[in-house]
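Going by my numbering, the sequence shown opens with residue 2, and the numbers climb by one from there.
Each residue gets a CB set at the ideal place from its N, CA and C atoms; glycine is no exception.
Note that the structure is predicted; figures quoted are calculated from it, not measured.
For reference, the structure is listed below as C-alpha cells.
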Amino acid sequence: YKDERDREFTAFLKEHWRAIDMQQGFVRDQKPKPDVMPVAKPQPPTTEPEPASKPVVEVKPEPVVVMPELPVPVKPIPAPPQYRKGIPTRVDYFGKTIKFYYDPAFKHALPYRLNETVLSNFWSELSKAEYEPLLEQINKQATAIQLNDWGYAVLTHRLSTRIYPASKNRQALFTWFILTKAGFNSRVAYDERNVYLLVPAEQQMYEVTYFTFDDERYYAISFDGRRNKPGKVYTYDGHYPGADKKLDMRIRTRAAKVGGAQRRNLSFDYNGQEYNIAAEYEQSRIDFLNTYPQLDLALYFDSEVGEVVESPLLQQLTNELEGMDQEDAVNFLLRFVQSSLKYQTDRQQFGKENYLFPEETIYYPYSDCEDRSVLFAWLVARLLGLEVVGLNYPGHVATAVQLDLDVEGDHVIYHGKKYVVSDPTYINATVGMTMPEFENVRPDIIPIR
2 YKDERDREFT
12 AFLKEHWRAI
22 DMQQGFVRDQ
32 KPKPDVMPVA
42 KPQPPTTEPE
52 PASKPVVEVK
62 PEPVVVMPEL
72 PVPVKPIPAP
82 PQYRKGIPTR
92 VDYFGKTIKF
102 YYDPAFKHAL
112 PYRLNETVLS
122 NFWSELSKAE
132 YEPLLEQINK
142 QATAIQLNDW
152 GYAVLTHRLS
162 TRIYPASKNR
172 QALFTWFILT
182 KAGFNSRVAY
192 DERNVYLLVP
202 AEQQMYEVTY
212 FTFDDERYYA
222 ISFDGRRNKP
232 GKVYTYDGHY
242 PGADKKLDMR
252 IRTRAAKVGG
262 AQRRNLSFDY
272 NGQEYNIAAE
282 YEQSRIDFLN
292 TYPQLDLALY
302 FDSEVGEVVE
312 SPLLQQLTNE
322 LEGMDQEDAV
332 NFLLRFVQSS
342 LKYQTDRQQF
352 GKENYLFPEE
362 TIYYPYSDCE
372 DRSVLFAWLV
382 ARLLGLEVVG
392 LNYPGHVATA
402 VQLDLDVEGD
412 HVIYHGKKYV
422 VSDPTYINAT
432 VGMTMPEFEN
442 VRPDIIPIR
C-alpha cells in the first residue's frame with residue numbers, strides 16, 4: 002500500500018458493517034400552492050412627474066460586461082497536467098470536453114454478489130493503483146473551471162461512467178474512492194444488487210433518502226436527477242482518516258459562457274407602456290443545474306448567476322431603470338417578474354416540488370412563487386444595490402425590500418430594519434402590498450447575503 006491509511010481502512014471494511022434502514026427524505030411545506038394567483042387592481046398610469054423631493058435611484062449594478070460574440074468556446078479548457086500514461090478518455094462535462102488518463106488497474110472487476118469483502122477488495126485494488134495522477138488531473142480541472150463541491154462530485158461521477166460504462170455499482174465505488182481521497186466525508190452502502198453513494202452536506206437536502214450516524218445525515222445522492230430509494234442496506238461505522246469535508250452545495254462563482262446562448266423574449270406592460278426584454282440562457286448550464294437535489298430555499302437566494310443570463314439581462318434592465326426613483330424602480334422589476342413569466346405550480350409543471358435557480362426560471366416555460374422571489378431578489382440586489390429578505394409563508398414565498406425612503410404599506414422588521422413587502426407573484430401588486438390570503442400571517446424571514 003502507498004498509504005498506511007489504506008491498509009488499515011481495507012481491513013476495517015472487511016468487518017465493520019451493519020444493517021440499517023434508510024429514512025425517507027424530508028418533505029418541504031406540504032401546504033399546496035394555489036393553481037391561479039390573485040390579481041391586484043392595476044394602479045393608474047403615472048401622468049405627473051414625481052415630486053423632486055423623492056430621491057432618484059442611481060442604477061449602478063456591479064460592472065456588467067457585454068460579452069462579444071467570440072468563437073465557441075470562449076474560455077478554452079486548459080490541458081490536463083503533463084501526465085500521459087495510462088488509458089485516455091474524454092468526459093463530456095456540460096458543453097466542455099475534458100481529457101483524462103487513468104491507470105488500467107482501475108478496471109477492477111466486481112462480482113455480481115455484493116458483500117463487505119467484495120467492497121473492501123475494490124477499495125484495496127484502487128488504493129494500489131496509480132490514482133494520484135488521476136486525482137491531480139481532476140483537481141486541476143475542477144480549479145480551472147471553478148467547480149463547487151457538487152460540480153466536483155458530478156465531474157468525478159461522469160469520469161466514472163467513462164471508466165465503467167456498464168456498471169453503476171463500480172461507478173458509485175469509484176466516485177466514493179475519489180471523493181474520499183479528495184478529503185470528502187463519503188461512504189457507501191449496499192443491498193443485494195446495488196451500491197449507493199452516501200455523503201453529508203452543509204445544506205439540508207429534500208426528498209433524498211438518508212440515514213443518520215453520529216448525528217450526521219448521509220444522503221443517498223444520485224447525479225441524474227432521479228431519486229435513489231434504498232430500504233434496508235448495509236454500511237460501515239467510521240470513516241477514512243482525514244476525509245472530513247461535507248459537500249457545500251452553494252454556487253459562489255459566476256459560470257463562464259461555454260457555448261452558444263439561446264434567447265427567450267419576455268414582454269410586460271408597466272404604466273401603460275409595453276416593454277420587451279430579451280433574456281438569454283445556456284442549455285448546458287440548465288443541464289448542470291438539473292443534477293442538483295432539492296435544497297434549503299436560502300441556498301437559491303444566495304447563489305450566483307451565470308454570465309450568459311446575467312450580462313444581457315442586467316444591461317437591458319439597467320437602461321430601462323434610468324431616472325426612476327427607488328419605489329418606481331422596484332415596482333418596475335416587480336411588474337417584470339409578475340407579468341413576463343407564466344405561472345404554474347411545481348406540481349403542475351414537474352409533478353413535484355422543484356425550486357429553481359434564476360437561470361432555470363428564465364429557461365422553463367412556467368415558474369411559481371419561490372422561483373420568482375429568487376429571481377426578483379437577485380435583480381433588486383444587483384441592479385439597485387438594495388437589501389432584500391425572503392418571506393416564507395405556509396404555501397407561499399415572497400420578498401421584502403429595504404428602501405431608503407419611507408414607503409407606505411405592509412412591511413416586516415428584521416434586525417431593526419424596515420423591509421417593505423414586495424411580492425413578485427401577486428400580479429399587478431406594487432411595493433407594500435401583501436397577497437390577501439397572507440395579510441394576517443407572520444412569515445419566516447430568510448436573510449439573503
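Query	Result
Please report how far the alpha carbon of Q205 lies from the alpha carbon of D297, in whole angstroms.	6 Å
Are S304 and R251 close, meaning C-beta to C-beta below 9 Å?	yes
Output yes or no for whether 9 Å exceeds the beta carbon distance between L342 and L384.	no
On a CA-only basis, which of G386, G261, G273 and K230 is nearest Q25? Give me that one, please.	K230
Below 8 Å, can you find three or more Cβ-Cβ pairs linking the segment 162 to 172 to the segment 233 to 243?	no
Considering Cα atoms alone, identify which of F95, D424, F337 and R163 is closest to G261.	F95
Could you please give me the residues that DSSP links to F185 through a beta bridge?	K246
By alpha-carbon positions, which one of R264, L148 and Q274 ends up nearest to V310?	R264
For F351, count neighbouring Cβ atoms within 10 angstroms of its own Cβ and tell me buried if that reaches 16, exposed if not.	exposed
Can you find the residues in the same chain that come closer than 6 Å, C-beta to C-beta, to R348, ignoring five residues on each side of it along the sequence?	none
Just to confirm, is the Cβ distance from L290 to F358 under 9 Å?	yes
For K233, which beta-bridge partners are listed by DSSP?	D22
Ignoring anything shorter than 4 residues or poking outside the segment 349 to 377, list the alpha helix (DSSP H) runs there in chain order.	359 to 364
Tell me whether the beta-carbon of L392 lies closer than 9 Å to the beta-carbon of V432.	no
Three-state secondary structure (DSSP) at I164?	helix
Under the three-state reduction of DSSP, which class applies to Q263: helix, strand or coil?	strand
Between the Cα of Y271 and those of I222, A257, L322 and V155, spot the shortest distance and give me the residue it belongs to.	L322
Where does K129 fall in DSSP's three states?	helix
According to DSSP, simplified to helix, strand and coil, what is S304?	coil
Using a Cβ-Cβ cut-off of 6 Å (strictly less than) and excluding sequence neighbours within five positions of E281, which residues of its own chain qualify?	A262, R264, V309 and P313
Would you say A154 reaches chain C, if we count a Cβ-Cβ gap shorter than 9 Å as a contact?	Of the chains in the structure shown, none is chain C; there is only one protein chain.
Starting from the C-beta of V1, find all residues in its chain whose C-beta is less than 7 Å away, skip the five residues before and the five after it, and write them out in chain order.	The requested residue 1 is not part of the displayed model; the chain covers only 2 to 450.
Which value, in whole angstroms, describes the spacing of the CA atoms of P158 and L198?	The sequence given here has His at residue 158, not Pro. Those two C-alpha atoms are separated by around 11 Å.
Would you identify the three-state DSSP class for F95, choosing helix, strand or coil?	coil
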